[in-house]
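*Asks:* My structure is below; once you've seen it, I'll send some questions.
Protein chains: 2
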Amino acid sequence: MNIEFMREAVALACENIKKGGGPFAALIVKDGQVIARTGNTVTLSNDPTAHAEVNAIREACRKLNTFDLSGCEIYSSCEPCPMCLSAIYWAHVDRIYISGMKDDAAEAGFDDSFLYQEIGKPYSERKIPVSVLLREEGKEPFEQWKRFESKIPY
Amino acid sequence: MNIEFMREAVALACENIKKGGGPFAALIVKDGQVIARTGNTVTLSNDPTAHAEVNAIREACRKLNTFDLSGCEIYSSCEPCPMCLSAIYWAHVDRIYISGMKDDAAEAGFDDSFLYQEIGKPYSERKIPVSVLLREEGKEPFEQWKRFESKIPY
Numbered sequence: 001m002n003i004e005f006m007r008e009a010v011a012l013a014c015e016n017i018k019k020g021g022g023p024f025a026a027l028i029v030k031d032g033q034v035i036a037r038t039g040n041t042v043t044l045s046n047d048p049t050a051h052a053e054v055n056a057i058r059e060a061c062r063k064l065n066t067f068d069l070s071g072c073e074i075y076s077s078c079e080p081c082p083m084c085l086s087a088i089y090w091a092h093v094d095r096i097y098i099s100g101m102k103d104d105a106a107e108a109g110f111d112d113s114f115l116y117q118e119i120g121k122p123y124s125e126r127k128i129p130v131s132v133l134l135r136e137e138g139k140e141p142f143e144q145w146k147r148f149e150s151k152i153p154y
Numbered sequence: 001m002n003i004e005f006m007r008e009a010v011a012l013a014c015e016n017i018k019k020g021g022g023p024f025a026a027l028i029v030k031d032g033q034v035i036a037r038t039g040n041t042v043t044l045s046n047d048p049t050a051h052a053e054v055n056a057i058r059e060a061c062r063k064l065n066t067f068d069l070s071g072c073e074i075y076s077s078c079e080p081c082p083m084c085l086s087a088i089y090w091a092h093v094d095r096i097y098i099s100g101m102k103d104d105a106a107e108a109g110f111d112d113s114f115l116y117q118e119i120g121k122p123y124s125e126r127k128i129p130v131s132v133l134l135r136e137e138g139k140e141p142f143e144q145w146k147r148f149e150s151k152i153p154y
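Here you go:
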């Protein structure tokens, strides 16, 4: 852990506002070296998935030429939303450092806290309706995947 | 709702395996027209965030030149993982149609069910450790955001 990386992430989050992005930034560090430093670019790049942590993961993966960030740590200016937290898990990042919290984000108008609640709810109580169609056919891709010998697990 | 879009999503998920991607695909539809049809490309593009739904959202936003997919519906061959579900919320998609379920995915070796459990846990019980640093400084980006008059809400 290096507190200076967090200081940099928070400073970058402040700068990111002036650039036209959201008030979030993240760094990915491996062996003491910063591999990616990114701000939130949702409105700048017209991409609702372009949160700071997702951008950092994509950039680190590009630089390291891998989809597996084992051995890396992420310094995020704010507690990741469920999208970013899940992305961190899928990328196999080792550790998460945060500074702001989801309630700070909520108070500034972001839906992070709401999303954490929403994800745990059954479909019938969620804001965006979910319907299941062709239930049996939906199992077929997984059956084919299990039989596919050349697959690359991730 | 058009069941043929789901049939196409499931068929695309099967084809996606042969292309070297994961067994997932998604379509985004607006006013009865398919705006995006995408497979999972995590291993193909070295991007752990490149799930079918995230790819579909990115492509639909590029095509429609917006970060807001209100008025769109998503047909996913499988129940979205928490990353994709959150991305769907951030993109303001109106409705979600699914066919496979997260337990099908889990049985084929994917961490979707695990992630749904993990996200609801307190930090101390999570697999990836989370530490809070510079707690007070972390509030500053949000204070600046609240004062920033030219911000674009998203």
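Residue numbers (the numbering used here), protein chains in the order written: chain U, 1 to 154; chain G, 1 to 154. We put the beta carbon where it would ideally sit given N, CA and C, even for glycine.
1) Just confirm the distance between the C-beta atoms of C78/G and F24/G, as a whole number of angstroms; I'd bet it's less than 8 Å.
2) Count the other C-beta atoms from every protein chain shown that fall within 10 angstroms of the C-beta of I28/U, then say buried if there are 16 or more, exposed otherwise.
3) Using only alpha-carbon positions, find the residue among F5/G, S131/G and G21/G that is nearest to M6/U.
4) Comparing C-alpha positions only, which one of A60/U, G138/U and R95/U sits nearest to A26/G?
5) Among the residues of its own chain, which have a CB less than 7 Å from the CB of A60/U, if the five just before and after it don't count?
6) Just to confirm the assignment, what range does the beta strand (DSSP E) spanning R95/U have?
7) Compile a chain-ordered list of the residues in the region 27-57 of chain U whose CB is closer than 7 Å to at least one CB of chain G.
8) Just to make sure I have the definition right: I need the residues of chain U whose C-beta is within less than 9 Å of the C-beta of D103/G. Which are they?
9) May I ask you to report which of helix, strand or coil DSSP gives C81/U?
10) Leaving aside the five residues before and after N16/G along the sequence, list all residues of the same chain whose C-beta is less than 8 Å from its C-beta, in chain order.
11) For V54/G, report the span of its alpha helix (DSSP H) as first-last.
12) Quick one: residues in its chain with C-beta nearer than 8 Å to the C-beta of P129/G, no 5 flanking neighbours on either side, listed in chain order?
*Replies:* In this structure, then:
1) 5 Å
2) buried
3) S131/G
4) G138/U
5) I28, I35, A36, L69 and C72
6) R95 to G100
7) V42, T43, N46, D47, P48, T49, V54 and I57
8) Those do not exist, as D103/G stays about 10 Å from chain U at its closest Cβ, beyond 9 Å.
9) coil
10) G22, P23, F24, A25, G39, N40 and A52
11) A52 to L64
12) Y123
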